[in-house]
Amino acid sequence: MEMGFTFAVYVVSAVLFILSLGGLSGQESAKRAVWYGIAGMALAVSATLLGPGFGLWWLSLILIAAGGLIGYQLASKVEMTQMPELVAGMHALVGLAAVIVGFNTHFELVNIASMDDTAKKMLEGFSALLAKKSNVEINILRVETTLGIWIGAVTFTGSVIAYSKLAGKITSVATKLPGGHFLNITAAILSLLSVFWYLNTGELLPMIILTAMALFIGYHLIMGIGGADMPVVVSMLNSYSGWAAAAIGFSLGNDLLIVVGALVGSSGAILSYIMCKAMNRSFVSVILGGFGGTSGPQMEIKGEQVAIEAEGVASVLNDAESIIIIPGYGMAVAQAQQSVSELVRKLRAQGKSVRFAIHPVAGRLPGHMNVLLAEARVPYDIVMEMDEINDDFPDTDVAIVIGANDIVNPAAQDDPNSPIAGMPILECWKAKHVLVSKRGQGTGYSGIENPLFFKENTRMFYGHAKESLDKLLPMID
Amino acid sequence: MKIGALKEITSGEQRVALTPDSATHLQKLGHECLVEKDAGLAAGFSDAQYIAVGVEILTTAEALTEASDVIVKVRPPSTSEINRLSSSKTLISFFYPSANEALMELAKSKEVSVIAMDMVPRISRAQKMDALSSMANISGYRAVIEAGNNFGRFFTGQMTAAGKVPPAKVLVVGAGVAGLAAIGTSTSLGAITYAFDVRPEVAEQVESMGAEFVFLDFADEQADGASTGGYAAVSSPEFTAAQLAKFREIAPEMDIVITTALIPNREAPELWTSDMVASMKPGSVIVDLAAEKGGNCKLTVIDERIVTDNGVVIIGYTDFTSRMAAQASTMYASNIRHMIADLTPKKDGVIVHDMEDDVIRGATVVNAGEITFPPPPPKIQAIAAKPKEKAPDKTPEEIRADEIAAFKKQTKNQVKLLAFGAALILLVGSYAPPSFMQHFIVFVLSVFVGFQVIWNVSHSLHTPLMAVTNAISSIIILGALLQIGSTSFLVILLAAISVFFAGINIFGGFLVTRRMLTMFRKS
Chain A
-15 MEMGFTFAVY
-5 VVSAVLFILS
5 LGGLSGQESA
15 KRAVWYGIAG
25 MALAVSATLL
35 GPGFGLWWLS
45 LILIAAGGLI
55 GYQLASKVEM
65 TQMPELVAGM
75 HALVGLAAVI
85 VGFNTHFELV
95 NIASMDDTAK
105 KMLEGFSALL
115 AKKSNVEINI
125 LRVETTLGIW
135 IGAVTFTGSV
145 IAYSKLAGKI
155 TSVATKLPGG
165 HFLNITAAIL
175 SLLSVFWYLN
185 TGELLPMIIL
195 TAMALFIGYH
205 LIMGIGGADM
215 PVVVSMLNSY
225 SGWAAAAIGF
235 SLGNDLLIVV
245 GALVGSSGAI
255 LSYIMCKAMN
265 RSFVSVILGG
275 FGGTSGPQME
285 IKGEQVAIEA
295 EGVASVLNDA
305 ESIIIIPGYG
315 MAVAQAQQSV
325 SELVRKLRAQ
335 GKSVRFAIHP
345 VAGRLPGHMN
355 VLLAEARVPY
365 DIVMEMDEIN
375 DDFPDTDVAI
385 VIGANDIVNP
395 AAQDDPNSPI
405 AGMPILECWK
415 AKHVLVSKRG
425 QGTGYSGIEN
435 PLFFKENTRM
445 FYGHAKESLD
455 KLLPMID
Chain B
5 MKIGALKEIT
15 SGEQRVALTP
25 DSATHLQKLG
35 HECLVEKDAG
45 LAAGFSDAQY
55 IAVGVEILTT
65 AEALTEASDV
75 IVKVRPPSTS
85 EINRLSSSKT
95 LISFFYPSAN
105 EALMELAKSK
115 EVSVIAMDMV
125 PRISRAQKMD
135 ALSSMANISG
145 YRAVIEAGNN
155 FGRFFTGQMT
165 AAGKVPPAKV
175 LVVGAGVAGL
185 AAIGTSTSLG
195 AITYAFDVRP
205 EVAEQVESMG
215 AEFVFLDFAD
225 EQADGASTGG
235 YAAVSSPEFT
245 AAQLAKFREI
255 APEMDIVITT
265 ALIPNREAPE
275 LWTSDMVASM
285 KPGSVIVDLA
295 AEKGGNCKLT
305 VIDERIVTDN
315 GVVIIGYTDF
325 TSRMAAQAST
335 MYASNIRHMI
345 ADLTPKKDGV
355 IVHDMEDDVI
365 RGATVVNAGE
375 ITFPPPPPKI
385 QAIAAKPKEK
395 APDKTPEEIR
405 ADEIAAFKKQ
415 TKNQVKLLAF
425 GAALILLVGS
435 YAPPSFMQHF
445 IVFVLSVFVG
455 FQVIWNVSHS
465 LHTPLMAVTN
475 AISSIIILGA
485 LLQIGSTSFL
495 VILLAAISVF
505 FAGINIFGGF
515 LVTRRMLTMF
525 RKS
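The listed protein sequences derive, respectively, from chains A and B.
Here the working numbering is used: the first residue of the first sequence is -15, the next is one more, and so on.
Here the working numbering is used: the first residue of the second sequence is 5, the next is one more, and so on.
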């Protein structure tokens, strides 16, 4: 097949990928959109396999098939609560692939440099492309390659750490080596120096130093970010994996890689922006770890937390007409989504209006709660976004908070000295009754006391979310 | 501990301090419950109902007092009731200590403890035992019901085949607990309800209940209630004059007037003067909830229903709670039950009279033979502090101006950003070779398309979005596939590894996305 034809296929693939992302604007169109993505990928891969100057296609097919088998296993076995880990793990693979492809480009460059003109003419495919490059172009190529490797390496270790934190293999507490961000800055400067070194000499050593530095930055940066900020971290890594692909696309001169990399990169960037906005924090403050500085003592909380038993919860729910449920990461941890779904089914069967209010940063991944509820067979048209539902709380009889804390903390509005001041929150206390299902009296991930729990219309339903709900279910008639 | 409820001896008093329901709660705290024979009869709780939940019935007040450690009742005790108490017993009831100093001295000499339900401090934590509020709530409700009983027309306006019926107009003076209950009842019956209170901060509460707050044309700020523990303070003469003028203006329109204005430890202020009554339509009704303290209307006769010369009915009952004895007993017994629950911190049936506790300290007037009244001010300040200063509402011109300013700012930012981006690209273009610029154009446009497309993605699909972007970012496999045909073994090996990894990602990413999306279903 001719190169022109391959390019034509790339154009089709690129359009399919754009449609695939655009289709995610609604639940129904999304079901079609994923097929566009699959078709785009299939076209792109086959066109490359059949394209000019391609050898070893049998090996490639076997490898893709073997990888595909593992991928299939992963995708069909993974629990929806483990989605954040899976996504982080997959970012790591993209990052690693980017690093490897970048190194390969370097090796090819070295190979070609050692050839004479007649040998160069014999070359095919990618090597032939490299061989035609002028000196300026080769320098640009080197910059692109180092950039791809650098971003890829940061993505790789960052994602590995994010994966380990999300999977609970290492502590999710923010930990930094002594020296803190100074170490990161040093590593970044060393990386930059290595780039210049590499541009001048074209040797392997600076490339290795650069990679090592990037690996360190990825590790150290993500180690310093706490569990509650994981949605931002995962979106950020998503973005990086895209930029890495785009950088590699530049170095390979492959427009499809550039297009897709840019799409993924901007997608991750937007997600990170949305998450940061939902926490009223700047991207930099999340990345640098820790909450923003407080300007004074936090407001003292008056009153007491009033506990309620399952019987009381049941009678409140049986009397209620309209109910809004606010799930948080605690629901996922307790695996309570099935019980929640059952509760909703029973309440809806009685003709009550039951809806869910989802805060953008609930869970460990953007949109995580929606997926969990969907898995538990909660219809998506009763699952609302914060902006859609926040004004409805005053007309609501009961708001049920399950395993959420900071996203319903009124201190964000009332207390200018609170670390989360200004964060948009679900104003659930405006409902007539608020029921909070919570393990104990502790504070949330951010360690901030929550005045909601002390409000007069709030009742605390202590206990493991799933067990509490299972006890409650038979009492709803 | 044994908790015993006495039968009320005041004539006409129908409430009881212990109900079968509250008894079961007390038993859960480890207490035993006793009740005097027929104590609950007037409120509709028979002895059989008590026995059914394991409450012991004793025939005489003497026997009950003897057998119980804690004696609960509703009205302040009589001298003989206190005389029966032996030392180390605790009495919980309404007490009105400032009016009943002799009783307090007597209790002191008997070395008993007395907890006055009317002295529970008004703080959030103590609301569940605030019996005054419970009773005021009932009075407010009942006041409207009594008014309706004496009012010859509908509350709600109706359009019938026979003609139009105008809605009744109700004025509630004093928006305390009783006032708010009256407002709620009146609005839910369909009357047009107006309310007035000297504390301007309650206007919002009044409006939230569907009534209209009557504002005065008065410049000076009235002291808000937070400084006086949520109760009204005495008004300035100018304010009173403005208030009476306003009432005089609206009196002829009102069909029903319910006055609930009380100032702690003072005679009720006169708010509804004789000339206002005279200006009202015949058949109108005035319910004076302050009758016990002399009445907000001077024509009120305590415990009587009178009709004035111009046909206005004035009701001066003081027994609204007894008129709803079942409800009042349930609520009062609940308040008592919460008080005892606070006195039993370990839920083991042992009473701990913790004088460090703000609520218990405030309510205790005699503690084991020592007068502890008046209490020090509570450590926690009462009620919500001042409402935040609200920015004055903007005029349409100001809003328009703000919008224009915001638009200008946005335009400015956008232009700046565009200029900066363009400059950056020009800079790159002047140094980079054309082969790079070709790709660069593709890149910039793709980022642009990406931003446009992703903003439209629904929030609920962000997780599938991440999974699918993950899958398509494995497009990097193309790079590895291009390199796998190399002549160098090392390159082939590395390329093979990345093809393998990308393969995992492609299949894993797409399949998991599909799996997630199939879960989303409509109801």
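Cβ coordinates follow ideal geometry from the N, Cα and C atoms, glycine included.
All values derive from a computational prediction rather than experimental measurement.
Let me know if residue i comes out buried or exposed under the rule of 16 or more other beta-carbons within 10 Å of its beta-carbon.
{"i": "B:Asp362", "result": "buried"}
{"i": "B:Asn474", "result": "buried"}
{"i": "B:Arg19", "result": "buried"}
{"i": "B:Tyr435", "result": "exposed"}
{"i": "A:Lys153", "result": "exposed"}
{"i": "A:Gln334", "result": "exposed"}
{"i": "B:Ala56", "result": "exposed"}
{"i": "A:Met214", "result": "buried"}
{"i": "B:Asn509", "result": "buried"}
When the Cα atoms are used, what is the spatial distance from residue i to residue j?
{"i": "A:Val248", "j": "A:Phe234", "result": "15 Å"}
{"i": "A:Gly237", "j": "B:His443", "result": "7 Å"}
{"i": "B:Lys413", "j": "A:Ser266", "result": "21 Å"}
{"i": "B:Asp134", "j": "A:Asn374", "result": "33 Å"}
{"i": "B:Met280", "j": "B:Ala337", "result": "40 Å"}
{"i": "B:Gln487", "j": "B:Gly513", "result": "23 Å"}
{"i": "B:Gly183", "j": "B:Gly194", "result": "17 Å"}
{"i": "A:Trp19", "j": "A:Asn264", "result": "36 Å"}
{"i": "A:Leu34", "j": "A:Lys15", "result": "30 Å"}
{"i": "A:Ile307", "j": "B:Lys526", "result": "19 Å"}
{"i": "B:Ser492", "j": "A:Val83", "result": "18 Å"}
{"i": "B:Gln53", "j": "B:Pro268", "result": "39 Å"}
Compute the distance between the beta-carbons of residue i and residue j, then report whether it is under 8 Å.
{"i": "B:Val148", "j": "B:Ala186", "result": "yes"}
{"i": "B:Phe324", "j": "B:Met108", "result": "no"}
{"i": "A:Met259", "j": "A:Pro350", "result": "yes"}
{"i": "B:Asp73", "j": "B:Lys6", "result": "yes"}
{"i": "B:Ile408", "j": "A:Leu241", "result": "no"}
{"i": "B:Phe155", "j": "B:Ile260", "result": "yes"}
{"i": "B:Thr322", "j": "B:Glu360", "result": "no"}
{"i": "A:Val78", "j": "A:Thr155", "result": "no"}
{"i": "B:Met441", "j": "B:Gly433", "result": "yes"}
{"i": "A:Gly314", "j": "A:Gly387", "result": "yes"}
Provide the residue(s) that pair with residue i in DSSP beta bridges, ordered along the chain.
{"i": "B:Tyr198", "result": "B:Leu175, B:Glu216"}
{"i": "A:Val367", "result": "A:Phe340"}
{"i": "B:Ile262", "result": "B:Val176, B:Val291"}
{"i": "B:Trp276", "result": "B:Cys301"}
{"i": "B:Gln18", "result": "For B:Gln18, which the question treats as bridged, DSSP gives no partner whatsoever."}
{"i": "B:Lys350", "result": "The partner list for B:Lys350 (beta bridge, DSSP) is empty, contrary to what the question assumes."}
{"i": "A:Ile309", "result": "A:Phe340, A:Ile384"}
Taking only heavy atoms of the ligand GTP into account, decide whether any of them is closer than 7 Å to the Cβ of residue i.
{"i": "A:Ser118", "result": "Inclusion of the ligand GTP in the displayed structure is not the case, the ligand content being empty and no account of it being possible."}
Examine chain C for any beta-carbon lying closer than 8 Å to the beta-carbon of residue i, and answer yes or no.
{"i": "A:Asn354", "result": "Looking for chain C here will not work: the only protein chains present are A and B."}
*asked:* When you compare the segment 375 to 382 of chain A with the segment 493 to 510 of chain B, are there three or more beta-carbon pairs, one atom per stretch, that lie closer than 8 Å?
replied: With the cut-off at 8 Å, the segment 375 to 382 of chain A and the segment 493 to 510 of chain B do not touch.
*Contact between the segment 22 to 32 of chain B and the segment 80 to 91 of chain B (3+ Cβ pairs under 8 Å)*: No, they do not touch.
*Would you check if there are 3 or more beta carbon pairs closer than 8 Å linking the segment 199 to 218 of chain B to the segment 161 to 170 of chain B?*
The segment 199 to 218 of chain B makes no contact with the segment 161 to 170 of chain B, as fewer than three CB pairs between them are under 8 Å.
*asked:* I want to know whether the segment 194 to 201 of chain A touches the segment 120 to 129 of chain A - three or more CB-CB distances under 8 Å.
replied: Counting Cβ pairs under 8 Å, fewer than three are found: no touch.
_Taking contact to mean 3 or more Cβ pairs, one atom from each stretch, closer than 8 Å, check whether the segment 125 to 145 of chain B and the segment 320 to 335 of chain B are in contact._
Contact between the segment 125 to 145 of chain B and the segment 320 to 335 of chain B is present, with at least three C-beta pairs closer than 8 Å.
*Taking 8 Å as the threshold, find out whether the segment 349 to 362 of chain A comes into contact with the segment 323 to 331 of chain A through three or more Cβ pairs.*
The segment 349 to 362 of chain A is in contact with the segment 323 to 331 of chain A.
*Taking 8 Å as the threshold, find out whether the segment 66 to 74 of chain A comes into contact with the segment 140 to 149 of chain A through three or more Cβ pairs.*
Yes, since at least three Cβ pairs between the segment 66 to 74 of chain A and the segment 140 to 149 of chain A fall closer than 8 Å, the two stretches touch.
_Would the segment 393 to 411 of chain A count as touching the segment 434 to 449 of chain A if we require 3 or more Cβ pairs under 8 Å?_
Output reads yes: the segment 434 to 449 of chain A touches the segment 393 to 411 of chain A.
*Between the segment 116 to 134 of chain B and the segment 367 to 375 of chain B, do three or more beta carbon pairs fall short of 8 Å?*
The answer is yes - the segment 367 to 375 of chain B touches the segment 116 to 134 of chain B, with three or more Cβ pairs under 8 Å.
*Is it a yes or a no for the segment 212 to 228 of chain A touching the segment 166 to 183 of chain A, going by three-plus beta-carbon pairs under 8 Å?*
The segment 212 to 228 of chain A is not in contact with the segment 166 to 183 of chain A.
*Would you check if the segment 309 to 316 of chain B and the segment 449 to 459 of chain A touch, i.e. whether three or more CB-CB distances between them fall below 8 Å?*
Contact annotation: the segment 449 to 459 of chain A does not touch the segment 309 to 316 of chain B, with fewer than three C-beta pairs closer than 8 Å.
*Below 8 Å, can you find three or more Cβ-Cβ pairs linking the segment 503 to 522 of chain B to the segment 53 to 60 of chain A?*
Segments in contact, yes.
_With three or more C-beta pairs closer than 8 Å as the rule, is the segment -10 to -1 of chain A touching the segment 24 to 34 of chain A?_
With a cut-off of 8 Å on Cβ pairs, the segment 24 to 34 of chain A is in contact with the segment -10 to -1 of chain A, counting three or more such pairs.
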